[in-house]
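Here's the structure we're looking at; comments come further down.
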Amino acid sequence: MGISKQARRVIVAVIALVLSTVIFWIPFYFVIINSFKNQAESALMNMSWPKSFHILENYKAVLTASDHMLVRAFYNSMLLTVLSIGVLIIVSAMAGFVLQRRDGGRFSSVFNFLVLAGLMIPPAIVPTIWVLDSINLFKTLSGITFVEVALHFPFAAILYKAFVATLPREIDESALIDGAGGGRLFFNILFPLLKPVTSTIIVLESINVFNDFVNPLYFFPGSNNATVQLTLYNFMSRFTTSWNLLFADIVLISIPMLILFIFFNKQIVAGMTAGAVKG
1 MGISKQARRV
11 IVAVIALVLS
21 TVIFWIPFYF
31 VIINSFKNQA
41 ESALMNMSWP
51 KSFHILENYK
61 AVLTASDHML
71 VRAFYNSMLL
81 TVLSIGVLII
91 VSAMAGFVLQ
101 RRDGGRFSSV
111 FNFLVLAGLM
121 IPPAIVPTIW
131 VLDSINLFKT
141 LSGITFVEVA
151 LHFPFAAILY
161 KAFVATLPRE
171 IDESALIDGA
181 GGGRLFFNIL
191 FPLLKPVTST
201 IIVLESINVF
211 NDFVNPLYFF
221 PGSNNATVQL
231 TLYNFMSRFT
241 TSWNLLFADI
251 VLISIPMLIL
261 FIFFNKQIVA
271 GMTAGAVKG
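At the far end of the sequence shown sits residue 279, using UniProt numbering, and the numbering has no gaps.
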């Protein structure tokens, strides 16, 4: 006797729940519980409950360490995320519109290949630093913003292109007949219709930029320029690591993006599947 369809769904749901618990919730519990311990207990690296809780002192120590570096880092990361996502949305939305609507002839395949190449080719660290330094943008917020936009542009442009394909061309033709120019057609008529995919890009790329470790390390160095991920160095040294403070730091820098993902996960799914009808 075969398994019913409903039973298969239950089995799949149970397997998914177990996997999510093992992959996400157990490590997260490990980080949280060790952030409540003192330095000696946290160094044991186990999931046992602490003999005594040190919640307030641990999190206070993290927030005040290195002259409140974490507070400055939150400001830097939030500002970098907002600027990067704002520029990324405008640039990638216009690019996706042009790539889908305009017929570039034989050059269309070249443009599409160049966009896809951005997903496959890793960034060149040294040449990028040289370029930024030559135009006086190295170690600046503007410079790291351009780097983040460039690295996340291909993915966003592809999503926008797929979504624009679902919008009828009659919208463009009607707007042009009514006398709308290219700028008005895009910003006043088409761009508001891109809200589902825009929401997806805002959430996904905000998480990526906020959690970025490598790019700020190379292109935005300096104690005053530290982002939240770089503050992890505060509690690590060559001889002794304050694991309890390190874990407390991880918890603090995970909270904003975790909240963002929990409240906007439906928008992520909607935007990712919106362009699946046409491509």
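Cβ coordinates follow ideal geometry from the N, Cα and C atoms, glycine included.
Here the structure is a predicted model, which means the values were calculated and not measured.
Member of the options whose CA lies at the smallest distance from the CA of residue i
{"i": "residue 242", "options": "35, 251 and 49", "result": "35"}
{"i": "residue 259", "options": "203, 240, 234 and 244", "result": "203"}
{"i": "residue 145", "options": "190, 209 and 5", "result": "209"}
{"i": "residue 128", "options": "11, 219, 68 and 225", "result": "219"}
{"i": "residue 46", "options": "37, 171 and 90", "result": "37"}
{"i": "residue 224", "options": "257, 113, 68 and 25", "result": "68"}
Same chain, Cβ closer than 7 Å to residue i, five either side skipped, listed in chain order
{"i": "residue 205", "result": "85, 88, 152 and 156"}
{"i": "residue 175", "result": "185 and 189"}
{"i": "residue 123", "result": "151"}
{"i": "residue 191", "result": "93"}
C-alpha distance - residue i paired with residue j, whole-angstrom precision
{"i": "residue 28", "j": "residue 48", "result": "14 Å"}
{"i": "residue 65", "j": "residue 251", "result": "16 Å"}
{"i": "residue 43", "j": "residue 118", "result": "41 Å"}
{"i": "residue 41", "j": "residue 30", "result": "13 Å"}
{"i": "residue 178", "j": "residue 168", "result": "17 Å"}
{"i": "residue 135", "j": "residue 20", "result": "46 Å"}
{"i": "residue 75", "j": "residue 113", "result": "37 Å"}
{"i": "residue 244", "j": "residue 39", "result": "6 Å"}
{"i": "residue 95", "j": "residue 4", "result": "48 Å"}
{"i": "residue 255", "j": "residue 24", "result": "14 Å"}
{"i": "residue 18", "j": "residue 207", "result": "25 Å"}
Chain-order list of residues whose beta-carbon lies under 8 Å from that of residue i (same chain, five-residue window excluded)
{"i": "residue 116", "result": "154 and 158"}
{"i": "residue 249", "result": "62, 70, 231, 232, 234 and 235"}
{"i": "residue 212", "result": "148, 227 and 229"}
{"i": "residue 194", "result": "93, 160, 163 and 164"}
{"i": "residue 54", "result": "36, 37, 38 and 244"}
Helix, strand or coil at residue i according to DSSP, with G and I counted as helix
{"i": "residue 67", "result": "helix"}
{"i": "residue 217", "result": "helix"}
{"i": "residue 25", "result": "helix"}
{"i": "residue 241", "result": "coil"}
Same chain, Cβ closer than 6 Å to residue i, five either side skipped, listed in chain order
{"i": "residue 92", "result": "153, 156, 157 and 160"}
{"i": "residue 51", "result": "none"}
Proximity test, residue i beta-carbon vs the ligand FAD heavy atom, cut-off 7 Å
{"i": "residue 126", "result": "Of the ligands one can find in the structure shown there are none, so the ligand FAD has no counterpart to examine."}
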